[in-house]
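One structure is given here, and the rest of the page talks about it.
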Amino acid sequence: MNIDKKYLLLAGLIIVLLLVPMMVTRPYYLHVIIMCLLWAYLASSWNIVGGFAGQLSLGHGIYTATGAYITMMLFNTYGLSPWLGLFIGGGAAVLISVIIGYPTFGLRGAYYALATVAISEGIVVLINSTQELGPFRVGGAEGLIVKMVGDSAAALQFSSKMPYYYIILFMLFLVIAVSYWIKNSKLGYYLIALKEDEDAAAAMGINVRKSKLMAAMLSAFLTALGGVFYAVLIRYLEPNAIAGGSMSTQMVFLSIVGGSGTVLGPVIGGIILSLVSEIIRFYLGGQLMGLHLFIYGMIVLLVIIYQPKGIIAMFERLLQRFSRAAYKKGGASGVKDSGA
Amino acid sequence: MSRILELKDLTIKFGGLTAVNNLNMHLNEGEALGLIGPNGAGKTTAFNLIVGVYQPTSGKVVFNGEDITGLKPDQMCHKGIGRTFQVVKPFGNMTVQQNIMVGAFVNTSSPKEARQIAEGIMEKVGLQAKKDVLALNLTIPERKRLEMAKALATKPRLLLLDEVLAGLNPTEIEDAVKLIKSINNDGITIMMIEHVLQATMAICGRIVVLDYGKKIAEGSPQEVTSNPEVIKAYLGDEYDNA
């Protein structure tokens, strides 16, 4: 495939994505698509520290919760627009990532993963048991309801689903761009190197702890933005849903099944798996409690066994076969093309 | 001749074991020095003390007139000390070129420049043909070359080579010796741990012998190999009169 064709394909894809809300008119379907994109976004954000840097975080729910709660508490109490609140929520998430990462990134083995689990479990309990925090209402186990102000771009409240679709689409493009930039920058080389071998990386001048921290901070900020988006979309924060283990592990699942450490793997994993999960839930959800989750788990298991490098590896092989076939065809009809 | 590296009373104890014991030695700028000794003599430990993997119990490491004792390996690299590992450590899932680029990033932040630096080094060590091969698919001699290439990419003034000839056949050793000599001719000071004595003698003007963590001999290859202490250390007491 030559470069012109690639760009053409990309442009076509973007146009189709922009037109989706015109074609999908039922709010439920659009909501499902929005959630798929949100999961793709969150998985990609996790991938920066979990995939590129290879540091297994099992507590990214902390960051979605930090972003969502802080932004919404500021909005409910002071009417501060989420557009501004997200920087405060994101900043707080970055701070927490440093608190977890600084002491544990100097160590090897499971310590970072353990610290993320411990702190995230602690935070879930903390939110569940806190009703008020100074002037702010947290809501404890009942959850936090976002104050309704009617259609308002400043408050990110829309009665139509369409604006949310475009916002999350933009966020997904943003996280893909950031991932692409990391992968091709000095930081990306450093992260992959230290994931492969920390001693060799240090001997080549890499400050291992600093590089891991950079990845963790970036990842925390982007994940917090995902939390803010969740809050304005759902308008209700339930501590276990936004901060709990299922939120944290879901990001890990989607990223690994899609292909962690790659730019597009988590995106593909996020979209495909969320879609599959939603379809199974739609058709089987009412029949036997938990059956859809069991089937979902089996699918994840099968992918991990037969595609350990993720769904993306399968796509890449298909693409290679396809482009090789196209190349052969082109080679037979004209030699010019092969030089391009 | 200026001294690029000086070890002063360098000592490290692991519990009751003194792995390196009051080691005093120096390297002159531009020379090639061999560090030999029986297995377990403390050669690799001495390397790890120089590059900061271990912190010495006592003593000093002076590089280029500056006391650098206690710095971390990544800081040592920025100071200009490169090293290879006895058990090679390629970044398996990166290509040869990407492996080398990681080192080049010490002196540049631009991937484009790093790629150019890597090109030059691949040519130097003869890995151009393997440019896009994943490092995990390389043969042993190629891995040893990559190990040196990665260290060279950081533009070291002093290069520590830890048994880069081990496991190579005679032809491969000959090639590697040529490569190390040419690196040395480029002005990079070399300190190498080696068991292949003939090759070491071909490269190094001076040899230091360690045994049980202590320096037992120092001098030209001829002096060292005819030293009775050294023969004893390698072959045992019975050969005392040999």
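Chains W and A, in that order, are what the protein sequence lines are. FYI, in my numbering the residues of the first sequence are 1 to 340. FYI, in my numbering the residues of the second sequence are 1001 to 1242. Each residue gets a CB set at the ideal place from its N, CA and C atoms; glycine is no exception. Note that this is a predicted model, so its numbers are computed, not measured.
Straight-line gap, residue i to residue j (C-alpha atoms, nearest Å)
i, j, result
"W:Y189", "W:L172", "23 Å"
"W:V375", "W:A43", "Since the first and last residues shown for chain W are 1 and 340, residue 375 of chain W lies out of range."
"W:A110", "A:Q1222", "51 Å"
"W:R26", "W:G122", "39 Å"
"W:Y230", "W:G140", "18 Å"
"A:I1231", "A:N1137", "40 Å"
"W:I70", "W:G286", "35 Å"
"A:L1161", "A:H1026", "16 Å"
"W:F105", "W:A216", "10 Å"
"A:P1228", "A:V1209", "12 Å"
"W:V252", "W:I192", "18 Å"
"W:F136", "W:I242", "18 Å"
"W:Y164", "W:L233", "7 Å"
"W:S260", "W:K309", "8 Å"
"W:L114", "W:V124", "16 Å"
"A:V1177", "A:I1203", "7 Å"
"A:G1080", "A:V1051", "10 Å"
"A:I1140", "A:L1168", "8 Å"
"W:A40", "W:G150", "28 Å"
"W:S323", "W:G51", "27 Å"
Coarse secondary structure for residue i, derived from DSSP in three states
i, result
"A:P1029", "Reading off the sequence, residue 1029 of chain A comes out as Glu, not Pro. Residue state, collapsed to three classes: coil."
"W:L359", "Here chain W comprises residues numbered 1 to 340, so residue 359 of chain W is not present and cannot be evaluated."
"A:V1014", "The sequence given here has Phe at residue 1014 of chain A, not Val. A:F1014 falls in the strand class under three-state DSSP."
"W:V252", "helix"
"W:V94", "helix"
"W:T262", "coil"
"W:R137", "strand"
"W:I280", "helix"
"A:T1108", "coil"
"W:A110", "coil"
"A:N1184", "helix"
"A:F1085", "coil"
"W:Q157", "strand"
"W:V125", "helix"
"A:A1019", "strand"
"A:G1034", "strand"
Below-9 Å beta-carbon distance, residue i vs any chain W residue
i, result
"A:P1090", "yes"
"A:R1083", "yes"
"A:F1063", "no"
"A:T1154", "yes"
"A:G1015", "no"
"A:A1233", "no"
"A:S1109", "yes"
"A:D1211", "no"
"A:A1242", "Confidence at A:A1242 is low in this model, with a pLDDT of 46, below 50, so the placement of that residue is unreliable and no value is reported for it."
"A:M1101", "yes"
"A:Q1098", "yes"
"A:M1094", "yes"
"A:A1114", "yes"
"A:A1046", "no"
Below-9 Å beta-carbon distance, residue i vs any chain A residue
i, result
"W:K212", "no"
"W:S45", "no"
"W:D337", "Interpretation of W:D337 is limited by its pLDDT of 39, a score under 50 that renders its predicted location unreliable; no figure is taken from the coordinates."
"W:N207", "yes"
"W:M314", "no"
"W:Y180", "no"
"W:I192", "yes"
"W:Q320", "no"
"W:S185", "yes"
"W:Y189", "yes"
"W:D199", "yes"
Residue range of the unbroken alpha helix (DSSP H) whose run includes residue i
i, result
"A:M1122", "P1111 to V1125"
"W:G227", "V208 to I234"
"W:T64", "G61 to Y78"
"A:D1132", "Neither: A:D1132 is in no alpha helix (DSSP H) and is coded neither H nor E."
"A:F1047", "K1043 to I1050"
"A:V1208", "Element bounds for A:V1208: not the alpha helix (DSSP H) but the beta strand (DSSP E), R1206 to D1211."
Boundaries (first-last residue) of the beta strand (DSSP E) holding residue i
i, result
"W:V24", "Unbroken run through W:V24: none, as it is neither H nor E."
"A:A1217", "K1214 to G1219"
"W:F52", "Run containing W:F52: none; DSSP gives neither H nor E here."
"A:G988", "Beyond the ends of chain A as shown, which are 1001 and 1242, falls residue 988 of chain A; an answer cannot be given."
"A:L951", "Chain A is shown only over 1001 to 1242; residue 951 of chain A falls outside these bounds and no answer can be derived."
"W:T130", "Unbroken run through W:T130: none, as it is neither H nor E."
"A:M1094", "That residue, A:M1094, is in no beta strand (DSSP E); it is neither H nor E in DSSP."
heavy atom of the ligand COA below 8 Å from residue i C-beta
i, result
"W:Y189", "As presented, the structure is devoid of all ligands, the ligand COA included, so that no description of it is given."
Quiz item: Can you list the alpha helix (DSSP H) stretches of 4 or more residues lying completely in the segment 165-203 of chain W, in chain order?
Solution: 186-196 and 198-203
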